[in-house]
Amino acid sequence: MASFEATKSYTKPPAWATNQRRLFDVTRDAVDSFIDRYLDDEGRPLWPPDGHVGIDGSDDLVEGFYNWPLVYAMGGDRLFLDAATETYRAVIDRLSEVETPYGHPMYVDEFDQGRDWFHLGEGNLYTYNMGLADPTDDAVVDRAERFAGLYLGDSETGNYDAEKRLVRSPQTGSMGPDHADFSEYVSHGYGADYRWWRHGLPWRDVREFDEAADLHDPENEERLFEVLNERCTKGDIPLNLNVTSLMTNAYLHTGDDRYREWVFDYLDAWRDRTAENGGIIPDNVGRSGEIGEYTNGKWYGGYYGWSWGGWHYVGIGPTVAAENAVLLDGTREHLDFPRSQLDHLMDRGIEVSADAVNDTLYIPHKFGEPGNYHYNASGVLKENDGEIHYEDGWFEFRPHKDDPYAVHLWYMSMRDDDRQRVRDLRNHHKQDWRRIDPRAKTKHADGHEYAWLSYLDGEFPDYPKRIMEANHAHVLDRTKLMREEGYSPDDIDEDYLRNRNPVSEKGLLQLTMGAPQPIYYGGLVMAQVRHFDLGRGRPGLPDGVAALVDEITTDGIGLTLVNVGGQDREMLVQAGAYGEHEFTTVSADGRERTAESNRIRVALPGGTSLSLEAGMNRFVNDPTYDLPAELGR
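Quick note: the sequence shown, position 341, residue 1328 per my numbering, numbers continuous.
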């Protein structure tokens, strides 16, 4: 293993470095206050109330602390790990007592009884982050294997048909694929109170419904639930490709090839269906394996499909599954799957002039039958009479705002054409790629992917300082809310923890690991590097050390390490979150050394910094959660 020692001293550390270390500290203090205010004396969540019966909400509770283990894994205080572990245990205990309309609890055997993989994907982010934070915890490993086992072909749940290579329902879990009734969804239900105004009319062949407004009529609710139950409770959908993360997570813990092969088999099944459908991924497949089995033979109209939600939901599964497959065997060809879907949409795109120099590409996000397309959709192309622009079945033409899909495609491939695709999808009506919004517009704080890439391109040199300031603003905003609420939250529902979570991990991921935020609905962390503290024998940056990945190219990375404290520190830098990459050469202070390992050792005396240029072969090692032997664990 190559070793390096910092010899460059500074008189004043860079602002991004001091802000980064301060962020770890202020976030720790905010989490400490969060626990005191928003959990009961036994550490249990304040929702659901006693006597609650329902299906929704498990993911929302976990989203209130899912990222705490990840911040610990990057160098945060032990409080992040301990508090997350205890809170998760409390959530499991509470939800194991909450009844559903199906005669069993919301959690059975510590896993959701049955939800779609949009919500299950969100709820399992905690599970994946714990693999990075503490893979030596037997409970973490046990859950990883048990949860993945729910979807193996021999599972008693019946979630997966191994012969036909399909997940047997859009809603699955510990109780199998046959517990789904949309009329039972009380909280965030899909009846007349649902946000159909934004989704339009998904089922235009159901002639009782002529326009989107019909779905808001309570008198149509019974028929609406019939349609939902007929079409959206059986068979496979693209969102189920998120199960590949559950399998990849189990593989990273165990190295058991059963999980690895499941990922490849299931991904190949969806690629075969896409080829059968002329290159467009179908959004529904029956239990027989027939495309459109429950939608009158149509490849669109399924749950969270092309007509309902569109590319925002359809794109999740292909992207997550392809990057999991690349992680597992290093073959970039898997990325052709999500790449082909983006290209189909871009080929149908319409350029709209933004200024004298730039055009913005408006790509279609949905597909459906002809009809009345007057409904409330902002930011999309419309006709003069206000109807949504419709062209050859495609509609909702708008700028691409699902940044993670295109960004993750480039990040995994490092191909120039994939990087150009991201540039081509920029929205030139809004200079989002050189602006930091300190207040996130969504629960997953998206919108800064383009700004980060602009920094890597040399167009936004202040980004590290600005994103740290934005993350500070997030913590302080939530701290202010806690102070104003005291110990009595204004509203306690399933979202109350998520909406008050003071932790924001995106800036730390980008700067310290050179990583985009995982696909929020169920992706794993994909990173250039990961750090380990030799002094404390644990994952993460040593106390007082800040890191900045300031260059990512096809050949390798640039990394600056700064010790803003007075104590000498020693650390390991690993190539890849799971050791999947390999350093080839590493240059420091103008001297290049051969590395030929997935780790290097770095000594950082107090008040010093070190800049490294590391050549890297990506996805050449078997990925694992195993901690380095040098940590002595």
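Glycine included, C-beta positions come from ideal geometry on N, C-alpha and C.
- The segment 1168-1183 and the segment 1266-1275 do not touch, with fewer than 3 CB-CB distances between them shorter than 8 Å.
- Within the same chain, Cβ atoms closer than 6 Å to the Cβ of N1006 are found at M1455, the five residues on either side in sequence being excluded.
- CA-CA distance, W1183 to P1189, rounds to 9 Å.
- Taking a cut-off of 8 Å for Cβ pairs, the segment 1097-1114 and the segment 1232-1240 touch, as three or more such pairs fall below it.
- Between V1127 and E1492, the beta carbon gap of about 19 Å keeps them out of contact (Cβ cut-off 8 Å).
- Put simply, of L1559, T1220, F1011, Q1158 the residue whose alpha carbon is nearest the alpha carbon of L1496 is F1011.
- With 16 or more other Cβ atoms inside 10 Å of its own Cβ, Q1158 counts as buried.
- Residue state for D1028 is assigned as coil, using DSSP reduced to three classes.
- In the DSSP assignment, Y1349 falls within the unbroken beta strand (DSSP E) covering 1346-1354.
- Shown here, V1272 sits in a strand according to DSSP, grouped into three states.
- Using a 10 angstroms sphere on the CB of V1516, the tally of other CB atoms reaches 16 or more, which defines it as buried.
- For H1203, the CB contacts under 7 Å within the same chain, skipping 5 residues up- and downstream, are A1179, W1183 in chain order.
- Beta-carbon to beta-carbon, K1353 and E1383 are separated by about 5 Å, close enough to satisfy the 8 Å threshold.
- Proximity of the segment 1360-1373 to the segment 1307-1325 falls short of the contact definition, fewer than three beta-carbon pairs being nearer than 8 Å.
- Our two residues, S1584 and D1255, have alpha carbons roughly 32 Å apart in a direct line.
- In the displayed model, L1614 falls within coil according to three-state DSSP, outside both helix and strand.
- Assignment of beta-bridge partners to G1543 by DSSP yields G1602.
- Closest in C-alpha terms to P1035, from the list T998, D1080, D1023, S996, comes D1080.
- Take A1004, set aside five residues on each side of it, and the residues of its chain with a beta-carbon closer than 6 Å to its own are A1533, V1549, V1551, in chain order.
- Q1561: member of the beta strand (DSSP E) spanning 1556-1562, first to last residue.
- Rounded to the nearest whole angstrom, the C-alpha separation of G1276 and K1452 is 51 Å.
- L1119 is a Cβ neighbour of P1526, given a cutoff of 8 Å.
- Counting along the chain, the unbroken beta strand (DSSP E) around H1518 starts and ends at 1516-1520.
- The residues W1183, W1184, G1187, L1188, Y1362, in chain order, have a CB closer than 7 Å to that of A1199 in the same chain once the five nearest residues on each side in sequence are set aside.
- Distances from the alpha-carbon of D1124 to those of D1379, G1473, D1069 put D1069 closest.
- A direct Cα-Cα distance of roughly 13 Å separates A1457 from A1438.
- In this structure, the CA atom of F1134 is about 7 Å from the CA atom of F1098.
- Residue pairing by DSSP places E1538 opposite G1545 in a beta bridge.
- When D1243, A1149, G1501 are compared, the shortest CA-CA separation from A1564 is found for G1501.
- The residue from S996, K1467, R1274 with its alpha-carbon nearest to that of G1594 is S996.
- Shown here, N1283 sits in coil according to DSSP, grouped into three states, outside any helix or strand.
- Taking C-beta separations shorter than 8 Å and ignoring five residues to either side along the sequence, the partners of L1468 in its chain run R1487, following chain order.
- For W1381, the uninterrupted beta strand (DSSP E) run begins and ends at 1381-1386, by DSSP.
- Put simply, the backbone Cα of T1241 is about 47 Å away from that of R1210.
- When only Cα atoms are considered, V1394 and Y1450 end up about 17 Å apart.
- Using a Cβ distance threshold of 8 Å, F1606 and M1558 do not count as a contacting pair.
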